[in-house]
Structures are given as structure tokens and as C-alpha cells.
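Going by full-length UniProt numbering, the first residue of the sequence shown is number 1, and it counts up by one from there.
All C-beta atoms, glycine included, are put in the ideal place defined by N, C-alpha and C.
For reference, the structure discussed in these notes is given below.
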Amino acid sequence: MHPDALLVRDLSVSFDGFKAVSGVDVSFAPGELHFLIGPNGAGKTTLVDALTGLVKGTGSASYGGKELLGLRSHKIVRAGVGRTFQTATVFDQLTVLQNLDIAAGLHRPAWRLAFARHGVPAAVDEALEKIGLSDLRHKPAGVLAHGQKQWLEIGMLLVQDARVMFLDETVAGMSADERAETGELLRRIGRERTIVVIEHDMDFVRNHADVVTVMHAGKVLAEGSVAEIQANEAVQEVYLGRTAKGNVHA
Ligand SMILES: Nc1ncnc2c1ncn2[C@@H]1O[C@H](COP(=O)(O)OP(=O)(O)OP(=O)(O)O)[C@@H](O)[C@H]1O
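Encoded structure:
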């Protein structure tokens, strides 16, 4: 087991008695692209919600010697665990740079935010470079293409120094070129970070996953490489009944 892994043990989340996540054991380690797949309603987002403090979970989730369950979401961000959402949450009226600066400010004491700073923090510059938006830094985020907005969100996690990033359907709605660029971006930033991607696009999973965890009905159904998951009969059964196209057999 990687010493810097996020270890999830026996995690459950209930909504009025309905178990959306049920006894999940999973580990997310740095240096590999880990994909979370499963049919609609499998519990993927709820799992991530619990790990990022948006819903209450039972069990445990330890990272860097800290128990994440029970922490408020801003404390989880400070512990180095961040996420994106299915719909981009950038401020459209603010520039790319301002969006990154605000995200960077989450780690800055409030009194320092009150003072005008000179220059752009190195972390912001680096993030702009990594996400390929350096030339668009002064454009309002609202004019960015869909893919670029998602990259900006990833940049916001970079400047927060998120060591663990949960990305929710990042490539949904992206063009083929944007998908390929996103794959490369994740590969680059994932070398020393833990990247977990919730994804329905099986081509993207096949092209980029090192590890795949398949969820179904709130539980982990299978875990392994893409080849192992494709060969898994339980996985085939779950997907065969659901999607005729774009599934793990395609
Ligand atoms: N706040 C909530 N209150 C009640 N039920 C919820 C709530 N959030 C999620 N659920 C239910 O929990 C189950 C898991 O939902 P979740 O969104 O985690 O699945 P998912 O695997 O992320 O699905 P998708 O791929 O469609 O996003 C679903 O049955 C959903 O209806």
C-alpha cells in the first residue's frame, strides 16, 4: 500500500434509510489515474461527496494521518483533498487569473487577501502554464470554451495545492481534441498527485485509466486494470443490461 494513499474503509452513506453507498473499501494512491465508473445511481458522486464533506458518511477515510469523515469541507480542502463538479463552478465575470487567485486565496489568511498584492503568485503562473491557459489569463472565464472551463477548474485545484483531486465527469461535452488534451493534462499532473475521475465515457477510461473501480448499487463491484474490468463477468452483466453502446465491451 502506498504510504500517501487515501484509504477508505467501510464507508456508508444513507439518505432517509436508503443506502446510497454501502460498506465501500477503496484506496486511492498517487501516481496512477484512478477511474470510478458504474451505472447511473451507483453511488459514485455520493462517495466523493462523503470524502469531501458534502454529505455525512460512516466508516473511515484517512489521508495524511487525518480522518476526513466528520471534517467540514473547507478543512478537507486544507488537508489537500479537492474536487470539481459536473457543472463548472468558475466565476464567469472574473478573469481566468482572478478565478485562480481566489482559489489560491483559500490557503491564504483573510487579512492578506485584504491587501492588494503585486505580481502573480508563482503557483498561479505555474497552474496557468499547466492547464494551457496562460494566453487567456486576462479573459473573463465566461468566454472560455467548455473544455477550457474544466481545465480552469483543475487549475483552481492546482493552486490550492490539492494533493488528491476528485474530478466529476471532466470530459463530458468535450470535443475529441479537448479529451485528448485533458488526458495528457491528467497524466502530467497525476505523476505526483492522486487523481480520481468519475467517468461515463468508456473510451476515455480505456485510454487513460491505470486503475478502475466499478461501483454498482452503492458497493464496489470490481476493481482492476481496464483489461481486468472488461473481462469481469459481474461487470459485463451490470453494463449489458444498461447500455447497448459505449459500454465496457465496445
Ligand atoms: N441528497 C440525496 N437525497 C436522497 N437520495 C440521494 C441524494 N443524493 C443521491 N441520492 C441517491 O443516491 C443514489 C446514488 O446517487 P449518485 O448520484 O451518488 O450516483 P452516481 O453513481 O454518481 O450516478 P450518476 O452517474 O448518474 O451521477 C441514487 O439512487 C440517488 O438518487
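Looking only at C-alpha atoms, which of E129, V81, D135 and D203 sits nearest to D4?
By one-based count along the sequence shown, residue 4 stands at place 4. Closest by alpha carbon: V81.
Among the residues of its own chain, which have a CB less than 7 Å from the CB of A127, if the five just before and after it don't count?
Here residue 127 refers to the residue found at position 127 when the sequence shown is read from its first residue. L100, G155, L158 and V159.
I'd like to confirm something about V24: is its beta-carbon nearer than 8 Å to some heavy atom of ligand 1, or not?
Residue 24 sits at position 24 when you count from the first residue of the sequence shown. Every heavy atom of ligand 1 is 8 Å or more from the Cβ of V24, so no.
Starting from the Cα of T182, find the closest Cα among L152, G41, G218 and S134 and give me that residue.
Here the question's residue 182 lines up with position 182 in the sequence shown. Considering only alpha carbons, the answer is L152.
Taking the straight line between their C-alpha atoms, what separation do you get for K219 and V21?
Start at 1 with the first residue of the sequence shown, and residue 219 comes out as number 219. Start at 1 with the first residue of the sequence shown, and residue 21 comes out as number 21. Approximately 6 Å, taken between the alpha carbons.
When you measure from the CB of K56 to every non-hydrogen atom of ligand 1, does any distance come out below 8 Å?
As a first step, residue 56 must be located in the sequence shown, where it is residue number 56. K56 Cβ: outside cutoff for every heavy atom of ligand 1.
Assuming A209 and L33 form a contact by the criterion Cβ under 8 Å, report the distance between their Cβ atoms to the nearest whole angstrom.
Taking the sequence shown and counting its residues from 1, one reaches residue 209 at position 209. Taking the sequence shown and counting its residues from 1, one reaches residue 33 at position 33. The pair is a contact, with the Cβ atoms about 6 Å apart (cut-off 8 Å).
Where are the beta strand (DSSP E) runs, 3 residues long or more, that stay fully inside the segment 143-197, in chain order?
For the segment 143-197, whole beta strand (DSSP E) runs of length 3 or above, ordered along the chain, are 164-168.
Mind checking who T58 pairs with in its DSSP beta bridge?
In the sequence shown, counting from the first residue as 1, residue 58 sits at position 58. T58 is bridged to S12.
Enumerate in chain order the residues of its own chain whose CB-to-CB distance from V13 is below 6 Å, with the five nearest sequence positions on each side excluded.
Position 13 of the sequence shown holds residue 13. A20, V21, T46, A50, V55 and G57, listed in sequence order.
Would you say F18 touches ligand 1, meaning its beta carbon is less than 8 Å from a heavy atom?
Your numbering for residue 18 matches position 18 in the sequence shown. Yes, since a heavy atom of ligand 1 falls inside the 8 Å radius drawn around the Cβ of F18.
Check whether chain B comes within 9 Å of G65, counting only Cβ atoms and requiring the distance to be less than that.
You won't find chain B in this structure, because it holds only one protein chain.
At which residues does the beta strand (DSSP E) containing E223 begin and terminate?
Within the sequence shown, numbered from 1, the residue matching residue 223 stands at position 223. Element bounds for E223: K219 to G224.
Could you check which residue in A234, V164, V96 and V205 has the C-alpha nearest to that of E184?
Walking along the sequence shown from the start, residue 184 turns up at place 184. Minimum Cα distance to E184 is reached at V205.
For M202, name the three-state secondary structure that DSSP assigns.
In the sequence shown, the residue the question calls residue 202 occupies position 202. Three-state DSSP puts M202 in a helix.
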